[in-house]
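Undergrad:
Numbering (this note's numbering), first residue to last: 1 to 62.
1) For residue 36, which residues from the same chain have a beta carbon less than 8 Å from its beta carbon, with the 5 sequence-adjacent residues on both sides left out?
2) Run through DSSP, which three-state label would residue 10 get?
3) Closest by CA to residue 41, which one among 1, 12, 53?
4) Does DSSP put residue 22 in a helix, in a strand, or in coil?
5) Hey, would you say the C-beta of residue 14 is under 7 Å away from at least one heavy atom of the ligand HEM?
6) Look up residue 16 in the DSSP assignment and give the residues it is bridged to.
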């Protein structure tokens, strides 16, 4: 069984993501609907506008 999540895209379209129902229940137990929506929006934005900055990078000075 799965839960469906509609993801709003920057171009005005949307995409359906199917998530395992048990996983969705766990997520809903700790996030409010507003927090969940914000989380999904951040991921959608990252997919549509990739940031290739390394997660770990050092600034070396001489």
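Beta carbons are placed, not taken as given, at the ideal position from N, Cα and C, and that holds for glycine.
TA: Taking the coordinates as given:
1) Closer than 8 Å at Cβ, skipping near neighbours: 27, 28.
2) Coil.
3) Selected option, being the one with the closest Cα: 12.
4) Residue 22: helix per DSSP, three-state reduction.
5) Looking for the ligand HEM in the displayed structure turns up nothing, as the structure carries no ligands at all.
6) Answer is 6, bridged to residue 16.
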